[in-house]
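Residue numbers (my numbering): 204 to 466.
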């Protein structure tokens, strides 16, 4: 009986010890589970952080890649635009050079036209001429007409010279050439043996311009015409007047010689 009473407390103690051990193990297990969970949570957090960081890095890399692609595309577009502009500028330079050449050509043509107009205008402007000691202004066509008529006379074409000088006298009645034109018209008429008309032209010269350089020769020519017409008395009177009016002229010496033959 006593042994049974002793065995019961021992069993109770053993049971208590076993129960305490189980509790300690349970507590230890619980403690270990909490640490593990915390470790797992921390690990998950780290993984999440790493994943987030990696995602951000991937996003950054993707954005960088996209930005790089866009940058390359932008650079290619910019290069294309620059090349297009270069081509356009080359075209514009060519057009500018062509326009410059055309402007230069137009300016040259304008100068040539202006020069031509000036030359044509000068053809109609009066020119200063000197004939038989007289200086005066004459129209270009007037000068040409006189010179052409005088050329005919000097070539011995007296009929053509007569026609040309007669036309000149009619066309230019106020010309500075008129005294000289009448003188040469008279000589052309004399050469064509039209002595009366020759005398008329010489007398017209003396009436209008008695001091003209050709006046003494005109007076001598009148006397020659009178001699050809057998008007001896009139010829002598003309020669005597010549010696009186123009005593120092070369025609006066010829007049003396003719007077000596008329006596």
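Virtual Cβ for every residue (Gly too), placed ideally from N, Cα, C.
- In this structure, residue 413 sits away from residue 449, with a CB-CB distance that is not shorter than 7 Å.
- In the structure shown, the three-state DSSP call for residue 301 is helix.
- Distance check between residue 371 and each of 363, 348, 333 places 348 closest, using alpha-carbon atoms only.
- Burial check for residue 339: the Cβ neighbour count within 10 Å stays below 16, so the residue is exposed.
- In the structure shown, the three-state DSSP call for residue 421 is helix.
- At a Cβ-Cβ threshold of 7 Å, residue 401 and residue 428 count as neighbours.
- DSSP places residue 331 in the strand class (E or B) of the three-state scheme.
- In this chain, the beta strand (DSSP E) harbouring residue 338 covers 337-341.
- Here DSSP, grouped into helix, strand and coil, assigns residue 313 to helix.
- Residue 432 sits in coil when the DSSP states are folded into three classes, being neither helix nor strand.
- When DSSP states are grouped into helix, strand and coil, residue 237 belongs to the helix group.
- A straight line joining the alpha-carbon of residue 397 with that of residue 367 spans about 16 Å.
- Contact annotation: residue 446 and residue 458 have beta-carbon atoms nearer than 7 Å.
- In this structure, residue 378 lies away from residue 344, with their beta-carbon atoms at least 7 Å apart.
- Proximity to residue 424 across 274, 353, 392 peaks at 392, based on C-alpha coordinates.
- Assignment of residue 360 by DSSP, reduced to helix, strand and coil, places it in the coil class.
- As the crow flies, the alpha-carbon of residue 255 is around 26 Å from that of residue 273.
- By the 16-neighbour rule on beta-carbons within 10 angstroms, residue 383 is buried.
- Secondary structure at residue 347: helix, using DSSP grouped into helix, strand and coil.
- For residue 449, the secondary structure class from DSSP, reduced to helix, strand or coil, is coil.
- Straight-line measurement puts the Cα of residue 244 at about 10 Å from the Cα of residue 237.
- Between residue 416 and residue 335 a beta carbon distance of about 4 Å is seen, short of the 8 Å cut, so the two are scored as contacting.
- In the structure shown, residue 251 adopts helical secondary structure according to DSSP, grouped into three states.
- For residue 375, the three-state secondary structure derived from DSSP is coil.
- In this structure residue 358 is not in contact with residue 388, their Cβ atoms being roughly 16 Å apart against a cut-off of 8 Å.
- The alpha-carbon of residue 259 is positioned some 35 Å away from that of residue 283.
- One thing to note: residue 404 has its Cβ within 7 Å of the Cβ of residue 385.
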